[in-house]
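Chains as they are written, first to last, in the UniProt record's numbering: chain R, 1 to 477; chain E, 1 to 281.
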């Protein structure tokens, strides 16, 4: 075999993208394409194959990045896919929505001098390649027979915990309140960022491993936590109920028609297909939309608004550097012609005699001392108020944990709505664990997954210990 | 999928369904609601629970044909199933023992008031249901009402049965005639009726709860679409309601907000009827 010729100085490969003018017409069409085999080769040859690979450590799932890239170098994409699969069954999801720039790619040694290796795109390449040529996902372990574990919510945290526990032989059931699986990945993330067949096929992988899914079950309302233990025979419960409670703007006029929370706007479209002609659940979109906020939900809502034909502006009270969304989504939004108005905040909304929004009043801000988020605080400039015409306002100003379960489980200790857990993701309740946004507030998909991973370890440990105790007691008797 | 166990056509546009839903049957309380999607792709529509049977594992709902999705629901055959049923949702009705309780119900509200009236009676109250319909032939669940309330008085808009007029006028009439007013009132029905009831009971000085029905998507407090202003404060009807003090609800705003999708609803319903017509030929 000829020696491998690394070429770290080659330019970082850029995956193809659908042209901005085409994709804003195309609705749900995925924006970012994947690497070609040639691009994946060039990109993987940029990897320095560091002895002490920092990227592995920086990945919240500790995917063996270095090894999977070396498999691509050798042209063995199947092995690269298997390497990722050891730690994560979700390369198609993570290859698309993970904030690689904050995790693996930020630790890439090459990035100190040149552009870091495009690890996210390589991960996605492995997933797409596998889907295209192998089709079926490998079954890690079928028909688990161990203790029953319940997952509450079907978002990233629960999905990851399910994978690990099913792999170790536990019988896992996932309860989802909505009628489709995926949590924020289905109601929040638009299909132009994460096509539904990718999401569905990676969830199907868990099903193939024996994980059961029950939609339309709201734990807390349809069944209590206590009943899961005492009547349905679950031996541990993981709470991954996410952050589904939207913050309101708390300004006059926010109940006018045309004012949406990002959750409602995105749910109507992502989950209920309001973008499609003839869909049963509609959405109202006017000529001028203002989206308030600077996170991923703001970008997603703005990009949908643009796709539905509205002139769209993102109003953010800080500057561009303080935006919290993924870098790629910000760039995509800019390319698509979404206007950004920085250092501005809404003050009041006005409507016509029928209650339809038609104007908003804003105020200019300047940046002050850093606040608790570590970012410069926005300070209103007195007397700088101005008014703009608008017929749709979407509030994407953050969300708190979904309080449904907490309300019906008063013994569960929370702090400002967030479930309090110890380092093992254990709550104050016996055999009840929690992770993801319900613990962190609004966070990222990958950190939710890492919580699921940690909680699964802790559940495994807790139940194994319990089994041991039972055995000892039995022996004495 | 939730199997239909029993279907009863109450009027040409209203049907009662007993549906398999063991988890909900076990936990539901009067005043709570469920979300139904009759078919894959349907809207999520909130419907008040009328009854629940723990032993049989079934729940009962009554649906009136108003738009496309409710029409599809009403048309679901007796041997069919609903694609999704989720609940129970919302807070149960405030059931207290106060003495005499008058319950005002209009339209399908007549069905929805059944469990609430029953609960008030079981709590030791004397219960009077003022039930309304457009005309005699549209009066629903007459026997069932008599079984759960101490008194049932009917009002029809056209005077074809009972009191001629609506239930709000009936309440005013009853209070005037008897010279005494109830200790508490509960109202459920179309928004204009609840709005009028809130005004009348406020004038009469009767503490009143209204079960409101704003536009809703998920029903779990996630979307915020069901916002209702109560005593100047924004509340989410799906998790904090659906019942609020009727005198504190901003009915004007609620009325406006429920019209947000009027245009699309009319279009969808017309297209639906049109498609049905084509199928029939």
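We treat Cβ as the ideally placed atom computed from N, Cα and C, and that holds for glycine.
Could you check what DSSP says for residue i in three-state terms: helix, strand or coil?
i, result
"residue 285 of chain R", "coil"
"residue 485 of chain R", "The structure shown does not extend to residue 485 of chain R, since chain R is modelled only from 1 through 477, so no value can be given for it."
"residue 71 of chain R", "helix"
"residue 175 of chain R", "strand"
"residue 211 of chain R", "coil"
"residue 49 of chain R", "coil"
"residue 246 of chain R", "strand"
"residue 281 of chain E", "Residue confidence for residue 281 of chain E is low, a pLDDT of 43 falling below 50, so the modelled location carries little weight; the figure read from the coordinates is stated next. Residue 281 of chain E: coil per DSSP, three-state reduction."
"residue 150 of chain R", "strand"
"residue 94 of chain E", "coil"
"residue 191 of chain E", "helix"
"residue 85 of chain E", "strand"
"residue 28 of chain E", "coil"
If I measure Cβ to Cβ from residue i and keep anything under 8 Å in the same chain, skipping five residues before and after, which residues do I get?
i, result
"residue 281 of chain E", "Confidence in residue 281 of chain E is poor, its pLDDT being 43 and thus under 50, which makes the residue's placement too unreliable to answer from."
"residue 190 of chain R", "28, 266, 269, 270, 300, 303, 304"
Could you name the residues of the same chain whose beta carbon sits closer than 7 Å to that of residue i, not counting the 5 residues immediately before and after it, in chain order?
i, result
"residue 389 of chain R", "288, 358, 359"
"residue 225 of chain E", "215, 216, 217"
"residue 371 of chain R", "377"
"residue 79 of chain R", "71"
"residue 195 of chain R", "30"
Cβ closer than 8 Å: which chain R residues qualify as neighbours of residue i?
i, result
"residue 126 of chain E", "What residue 126 of chain E touches in chain R: nothing, since even the nearest Cβ is about 32 Å away."
"residue 37 of chain E", "179"
"residue 97 of chain E", "Near residue 97 of chain E there are no residues of chain R at all, since even the closest Cβ is about 25 Å away, more than 8 Å."
"residue 256 of chain E", "257, 354, 355"
"residue 42 of chain E", "280"
"residue 88 of chain E", "221, 222"
"residue 69 of chain E", "280"
"residue 261 of chain E", "282, 284"
Give me, in chain order, the residues of the same chain whose beta-carbon lies closer than 6 Å to that of residue i; leave out the 5 immediate sequence neighbours on both sides.
i, result
"residue 62 of chain E", "16, 50, 108, 111"
"residue 153 of chain R", "183, 240, 241, 242"
"residue 118 of chain E", "148"
"residue 127 of chain R", "91, 92, 95"
"residue 73 of chain E", "38, 63"
"residue 294 of chain R", "316, 323, 324"
Anyone know if the C-beta pair for residue i and residue j falls short of 8 Å?
i, j, result
"residue 59 of chain R", "residue 103 of chain R", "yes"
"residue 249 of chain R", "residue 396 of chain R", "no"
"residue 34 of chain E", "residue 105 of chain E", "no"
"residue 56 of chain R", "residue 64 of chain R", "yes"
"residue 163 of chain R", "residue 400 of chain R", "no"
"residue 392 of chain R", "residue 258 of chain R", "yes"
"residue 234 of chain E", "residue 212 of chain E", "no"
"residue 149 of chain R", "residue 81 of chain R", "no"
"residue 129 of chain E", "residue 184 of chain E", "no"
"residue 347 of chain R", "residue 315 of chain R", "no"
"residue 75 of chain E", "residue 95 of chain E", "no"
Can you tell me which of the options puts its alpha carbon nearest to the alpha carbon of residue i?
i, options, result
"residue 124 of chain R", "R:84, R:101, R:382", "R:84"
"residue 98 of chain R", "R:210, R:447, R:375, R:385", "R:447"
"residue 407 of chain R", "R:218, R:236, R:373, R:283", "R:218"
"residue 442 of chain R", "R:411, R:460, R:244", "R:244"
"residue 308 of chain E", "E:192, E:174, E:19", "In the structure as shown, chain E begins at 1 and stops at 281. Residue 308 of chain E is therefore absent and cannot be evaluated."
"residue 231 of chain E", "E:239, E:253, E:221", "E:253"
"residue 164 of chain E", "E:190, E:135, E:181, E:146", "E:135"
"residue 444 of chain R", "R:61, R:24, R:41, R:43", "R:61"
"residue 423 of chain R", "R:403, R:455, R:429", "R:455"
"residue 362 of chain R", "R:120, R:440, R:207, R:317", "R:317"
"residue 319 of chain R", "R:309, R:330, R:32", "R:330"
"residue 202 of chain E", "E:219, E:220, E:171", "E:171"
Could you work out which residues of chain R lie near residue i, taking near to mean beta carbons separated by less than 9 Å?
i, result
"residue 64 of chain E", "Here the premise fails: no neighbours, minimum Cβ distance about 18 Å."
"residue 13 of chain E", "Result: empty, since nearest Cβ-Cβ is about 19 Å, beyond 9 Å."
Can you name the residues of chain E whose CB is closer than 8 Å to the CB of residue i?
i, result
"residue 155 of chain R", "None at all; the shortest Cβ gap to chain E is about 12 Å."
"residue 245 of chain R", "221, 222"
Using a cut-off of 9 Å between C-beta atoms, extract the partners of residue i located in chain E.
i, result
"residue 223 of chain R", "23, 26, 27"
"residue 248 of chain R", "224, 227, 234"
"residue 403 of chain R", "221, 239"
"residue 349 of chain R", "Under the 9 Å cutoff, chain E gives no residues; its nearest Cβ is about 13 Å from residue 349 of chain R."
At 7 Å on the CB atoms, spell out the chain R contacts of residue i, in chain order.
i, result
"residue 85 of chain E", "216"
"residue 264 of chain E", "282"
"residue 217 of chain E", "264, 267, 268"
Using a C-beta to C-beta distance shorter than 7 Å, which residues of chain E count as neighbours of residue i?
i, result
"residue 378 of chain R", "Under the 7 Å cutoff, chain E gives no residues; its nearest Cβ is about 23 Å from residue 378 of chain R."
"residue 261 of chain R", "223, 224"
For residue i, is the beta carbon positioned less than 7 Å from some heavy atom of the ligand FAD?
i, result
"residue 75 of chain R", "In the structure on display, the ligand FAD does not appear, and there are no ligands present to speak of."
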